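By the count of my numbering, the sequence shown reaches residue 1219 at its end, each step adding exactly one.
Just so it is clear, CB atoms sit at the ideal spot from N, CA and C, and this is done for glycine as well.
Predicted model, so just to flag it, every value in this text is computed and none were measured.
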Amino acid sequence: MSAIVAHNDCQPPDACAGASARRAFGPNHRWKVLGIGVAANAGFSATFSGIPATAVVMRQGYHLDNASLGLALGLLGLGVALSELPWGVLTDRWGDRRVLLTGLGATAAWLFVMAMLVVPTKMAVPGVALLSASLLVVGLLGGSVNGSSGRAIMGWFGEGERGFAMSIRQTAVPLGGGLGALVLPSLALALGFTAVFGLLAVVSALSAWFAWRWLHEPPMEGGGHPTTAASGPAPLRNIEVWRISTAIGLLCFPQVAVLTFASVFLHDFAGMGTFVTSASLAAVQTGAMAMRVWSGRFTDRHGNRRPFLKVCSALSALAFLALWLLVIGAAGSPLLLPLLPLMVVVAGISVSAWHGVAYTELATLAGARHVGTALSLANSFVFIGFCLVPIAIPWLLVVFAWPGVWLAAAICAALAWPIFLRQA
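Laid out in structure tokens, this is it:
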């Protein structure tokens, strides 16, 4: 069996419905679409998670204090938060192909500019304002990836396999972040930030090429409608969509704390070197990747996405409470310090295992015609966390030290539990 798929690179999707006989694809083409989604998300994850993993080297190379470092990393998240919803609305109007190509191409070009102009050299060191503004632009451009790739996957996969497919797509986030955490700090130490930004530019450009080669609109049925119909009110008027989006954002706050400042915590508080900090963050991302695949398959089989999300929020709160207690104990007993990387890994995995399930439930609630908007709404909340958390942590350190940081993370995870929807 084969499917006739309309191109959408020259017109909005609705306008292309009448010209659907452009090109035929086999039923397994959906796996190529999934691969594109994984590549695009992994590439951008290597940027927004990998750059914070270089925090210790960045602090030294750009002559930053903790507050300036937090501002720079926070504006990277702010850029994504501000652009996610506009990109998502454009995706629902223009189609995923055009938006993904535009966003990935522009991100690659801007990272190349940064590799040339926004790096410390023997002659000059860019100021915090230039670095922060540059990272803000990276976020504004990279916000195109989530909604467009999610819309493509939801259109190409059926109800019984969407959780699994979206969870595989979400493994791209820890996959890219893990590779970034493993490679970029050492690359920054050895070759500087020209190599860091240059490598990330190449990754974005390759993802754009894959999208240009294989990403097209999903099959259309008899009347020219997508394989799934829109249901309920539009996402921005749907209280259930807002609830899940808010809970996703809250549960991402502790995850962001791990991604952005775990390397600083392990270096400054636990006295760990670059290898241990990089390996710990890579272990978080690897474990999260495995758990996301398992959770997608598990919830597809049992139809229990909503209860699963509640359990994840509760377990995450307990994990960060345990980390809080361990930090308090290690302050008085240095023998406990070697346990801190392990506890960071456990807490980081527990708060990163649920993404594919949550995004699938959110997209199902929104309906096929509004997937881009709904996913982007959720990611706006996520990247508000990527903005606020790195800025807040230095101030929490001043007032409450590291125990206060991890206790705040536990509180955010606990707050998400009652907001997630109950099983219908």
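- With three or more CB-CB distances shorter than 8 Å, the segment 990-1007 counts as touching the segment 903-917.
- Taken through DSSP and simplified to helix, strand or coil, S1145 comes out as helix.
- Looking from the CA of V932, the closest CA among F907, V852, W951 and G942 belongs to F907.
- Put simply, of G922, S1111, H824 and G872 the residue whose alpha carbon is nearest the alpha carbon of H858 is G922.
- A Cβ-Cβ separation of about 12 Å leaves S1090 out of contact with S1145 under the 8 Å criterion.
- Assigned with DSSP and collapsed to three states, D1095 falls in helix.
- Linking P1136 to H1062 through their CA atoms gives a straight-line distance of about 10 Å.
- In terms of Cβ geometry, L1116 and L1045 do not form a close pair [threshold 9 Å].
- Setting aside the 5 residues that flank it on each side, G838 is surrounded in the same chain by G971, V998, S999 and S1002, each with a C-beta closer than 7 Å to its C-beta; the list follows chain order.
- Distance check between F1181 and each of A850, G872 and V1106 places G872 closest, using alpha-carbon atoms only.
- Spanning the alpha carbons of V920 and I846 requires a straight line of approximately 17 Å.
- Fewer than three Cβ pairs drawn from the segment 892-910 and the segment 961-968 lie within less than 8 Å of each other, which leaves the two stretches out of contact.
- If only uninterrupted alpha helix (DSSP H) runs of at least 4 residues are considered, those enclosed by the segment 900-939 are 923-937.
- Bounds of the alpha helix (DSSP H) holding M961 are E954 to L986.
- Residues of the same chain with a CB within less than 6 Å of the CB of A1077, apart from the 5 flanking positions on each side, are G973, A976 and L977 in chain order.
- In the three-state reduction of the DSSP assignment, N941 falls in the helix class, which pools H, G and I.
- In this structure A876 touches S1175 by the C-beta definition: roughly 5 Å separates them, less than 8 Å.
- For L1104, the uninterrupted alpha helix (DSSP H) run begins and ends at R1100 to G1127, by DSSP.
- Distance from the CA atom of W1212 to the CA atom of A996, rounded to whole angstroms, is 38 Å.
- Residues of the same chain with a CB within less than 7 Å of the CB of L926, apart from the 5 flanking positions on each side, are Y857, A867 and V913 in chain order.
- Around the C-beta of V851, 16 or more other C-beta atoms lie within 10 Å, and the residue is accordingly described as buried.
- With distances taken between CA atoms, T1094 lies nearest to E1156 out of E1156, W1197 and G937.
- Between E954 and T1159, the gap from beta carbon to beta carbon is short of 9 Å.
- Residue burial is scored here from C-beta neighbours: M918 has fewer than 16 other C-beta atoms within 10 angstroms and is therefore classed as exposed.
- In the DSSP annotation of this structure, the continuous segment of the alpha helix (DSSP H) that includes A1161 starts and ends at H1150 to A1161.
- In chain order, G973 place their CB closer than 6 Å to the CB of T1081, counting only its own chain and leaving out the 5 sequence neighbours on each side.
- Bounds of any alpha helix (DSSP H) do not take in M1067, whose DSSP letter is neither H nor E.
- One Cα belongs to D891, the other to F1056, and the distance between them is close to 33 Å.
- I1179 and A947 have their C-alpha atoms some 24 Å from each other.
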